[in-house]
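Only one structure is covered here, and it is reproduced in the block below.
Residue numbers (my numbering): 317 to 535.
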């Protein structure tokens with residue numbers, strides 16, 4: 317084999333393997349999924365993932381070295397975001413492949429749905445139904461994520477305020493609840509809570525990122 321061509325291929329694969337270092341941690345995958353919702357400071361990422369700020373910073377440094385995230389300054393804060401739309405698509409595709417190829421992933425999701433016991437709805441159905449006046453599409457994400465982008469016709473009730481304000485929701489409307497997607501889990505929990513209070517409720521285990529960046533079979 318031509319030595320120059322061998323060096324060329326080896327160099328390419330070596331550089332591409334830098335991406336796998338960034339992806340090779342469950343917590344870094346969680347951080348990347350979180351950033352599909354919009355930019356965040358290290359403190360916000362630490363709070364959302366349950367990591368210390370120091371540990372979060374170490375993971376972010378690996379992701380930055382892998383060119384999967386970039387930084388920008390907003391006042392006194394450094395904010396992290398995904399390096400490009402293709403990185404967001406890569407993360408969503410990874411989750412899709414996981415659901416398709418790993419029986420363990422499907423089993424974990426199915427068991428969680430069974431335990432919660434609320435009706436599920438697809439992304440396409442949710443977006444279509446949200447146009448109807450008797451349907452309320454409820455976004456549980458923090459205000460800054462909602463303002464960065466949300467599903468059409470959605471109303472924001474952050475999970476931090478949910479338990480205090482949930483009884484103020486209209487009972488004459490069917491409620492479709494969503495948060496950060498299948499990897500989040502809050503949609504099922506909130507939907508179960510509303511269902512126990514007598515609200516007609518569906519859980520949407522997809523996210524704004526799925527709608528914006530994903531090209532899923534169901535949509």
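Yeah, the Cβ is synthetic: ideal placement off N, Cα and C, and Gly gets one too.
Assigned with DSSP and collapsed to three states, residue 390 falls in strand.
By alpha-carbon distance to residue 467, the top candidate from 359, 427, 527 and 497 is 527. Within its own chain, the residues whose Cβ lies closer than 8 Å to the Cβ of residue 529, once the five positions on either side in sequence are excluded, are 352, 401, 404, 405 and 408, listed in chain order.
For residue 510, the closest alpha carbon among the candidates 525, 494 and 500 is that of 494. Secondary structure at residue 520: strand, using DSSP grouped into helix, strand and coil. Within the DSSP bridge table, the entry for residue 396 names 356 and 387 as partners.
In the DSSP assignment, the residues bridged to residue 436 are 519. Residue 454 sits in a strand when the DSSP states are folded into three classes. Annotation for residue 490: the continuous beta strand (DSSP E) segment containing it runs 490-494.
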